[in-house]
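For what it's worth, full-length UniProt numbering labels the leading residue of the sequence shown as 1, then goes sequentially. The structure appears below as structure tokens.
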Amino acid sequence: MFNSDFAEKDKKEIEIRGVDPEDFQLFLDAIHGVDSLSDKNVENALALASYLGSSELEKMCMSHLAQKSNIPLKEQFQLAENHNAENLMIQVCSFIKDAYELDEVVPKDLDSFRNTTKNIVLQRSFELLGIRKPPMPPQPEDTRLVFEDMMNELLDQAELQNHHGKILADQAGLLKDHLVLEEYLDRSLPQARPRIQEDSRIHELMEELRNTHSPAERNAVRAQTMVVKLKHIYTTLTEMGEGPEHPWRYTAPYNFGVLYEIIIQNQRDHSKPHPSVRGNLPVDDKYREVIEIVRNRLPAEAALYTGTEPIWVTNISRAAEALIPWQTGRTQNGRERIPNELREISGTSRFQGIVSFVMIAREIFFGSLARIEEQKKHPR
């Protein structure tokens with residue numbers, strides 16, 4: 001109103017309706033260089049700055065939120081969105097230090113947010129993930145630059161999509177491993193379970209899981225938990241006299257390698273020692289040997305596609321296929337036991353791999369619950 005093309009800016013007197021006198025005093029203080037802001041009134045001041053078009057009051061609000069405020073970044077993000085404060089949104093996103101904090105601050109569903117907010121968040125995502133910063137928009141008359149700019153935005157989005165797709169594929173792989181391992185312990189190796197339950201590393205990782213801030217970080221902790229459980233299965237089988245050709249012993253190094261890749265690529269604090277590495281048993285030495293092999297291999301870039309689709313899409317389908325043998329004999333019971341109110345895949349998120357994985361995983365899980373209940377009713 002005061003810094004715009006509105007007719008009111010040239011009038012000597014203006015009637016301002018719907019403004020609280022105390023809030024208007026904040027505006028008067030701001031234009032006279034007096035900072036009267038606090039965490040209690042800054043939202044009202046921000047709304048008034050937007051209503052009056054006052055850059056002075058907006059700058060003072062931003063300065064307060066940046067230097068004096070105890071309002072968390074997540075709430076500041078919502079303030080900026082609610083009051084269409086683009087400059088504040090840029091400031092909030094600039095304070096986000098890494099991808100984990102970005103996931104903590106930014107709401108999961110951005111569909112209802114303004115396009116400017118989506119663009120700012122996307123730009124910060126590119127910067128935090130190490131993706132090149134998109135160039136300034138080209139002049140409209142340069143058709144080649146316009147085309148290349150649009151193409152570069154598309155490629156940037158594809159890279160970001162692949163990053164999140166990799167997290168999704170890891171989640172599917174870890175859930176698959178969890179289902180298979182729990183089935184194996186219940187049906188074939190129950191004597192290993194007490195060892196797992198009493199292991200201090202498991203309790204330490206459970207506490208660490210409670211303090212994670214993103215899906216990627218949770219994947220890293222769950223992968224460590226899986227490593228510890230696999231170590232106990234390996235050791236129990238060895239003590240039982242099972243040779244190195246036993247399937248769970250034979251595949252241990254490979255499984256350790258897959259899990260360690262998830263750990264090292266998603267661990268937030270790389271300086272912190274992993275609980276899963278500790279131990280003085282032969283299997284602990286074997287795991288540390290695998291770690292060195294994976295570390296030497298990781299710098300080489302892995303293939304991201306199979307020729308027709310991103311590798312993360314293929315990996316989700318492979319996780320579903322790996323569950324099929326464990327589905328045998330439990331499909332009907334599992335399907336009948338699945339509650340109707342469970343969350344389904346949204347129409348916009350559906351693709352064949354994830355649909356198959358969710359269906360098979362739920363059938364196995366609820367089929368296993370039915371088997372356990374039946375065993376309790378009719379113990380051997």
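For every residue, glycine included, the Cβ atom is placed at its ideal position computed from N, Cα and C.
Considered as a whole, the stretch 31–83 harbours 42–52, 55–67 and 73–82 as its complete alpha helix (DSSP H) runs of no fewer than 4 residues, in chain order. Here Val221 is not near Glu261, since their CB atoms are 9 Å or more apart. The alpha helix (DSSP H) runs lying completely inside the stretch 329–374 and spanning 4 residues or more are 331–337, given in chain order. Less than 9 Å divides the Cβ of Leu88 from the Cβ of Ala80. Three or more beta-carbon pairs drawn from the stretch 197–215 and the stretch 101–113 are found closer than 8 Å, and the two stretches are therefore classed as touching. Within the same chain, Val221, Gln224, Thr225, Val228, Pro275 and Ser276 come within 8 Å of Leu205 by CB-CB distance, once the 5 residues on both sides are set aside.
Linking Asp170 to Ser346 through their CA atoms gives a straight-line distance of about 20 Å. The Cβ neighbour count for Phe147, taken over all protein chains shown within 10 Å, is under 16; the residue is labelled exposed.
Contact check for His246 against Arg195 fails: the beta carbons are separated by 9 Å or more. Distance from the CA atom of Ser94 to the CA atom of Met359, rounded to whole angstroms, is 41 Å.
Taken in chain order, the unbroken stretches of alpha helix (DSSP H) that lie wholly in the stretch 166–239 and span 4 residues or more are 193–198, 200–210 and 215–239.
Counting other Cβ atoms within 10 Å of its Cβ, Ala49 reaches 16 or more and is therefore classed as buried. Here Asp109 carries a coil assignment [DSSP, helix/strand/coil].
One alpha carbon belongs to Gln352, the other to Ile264, and they sit about 29 Å apart.
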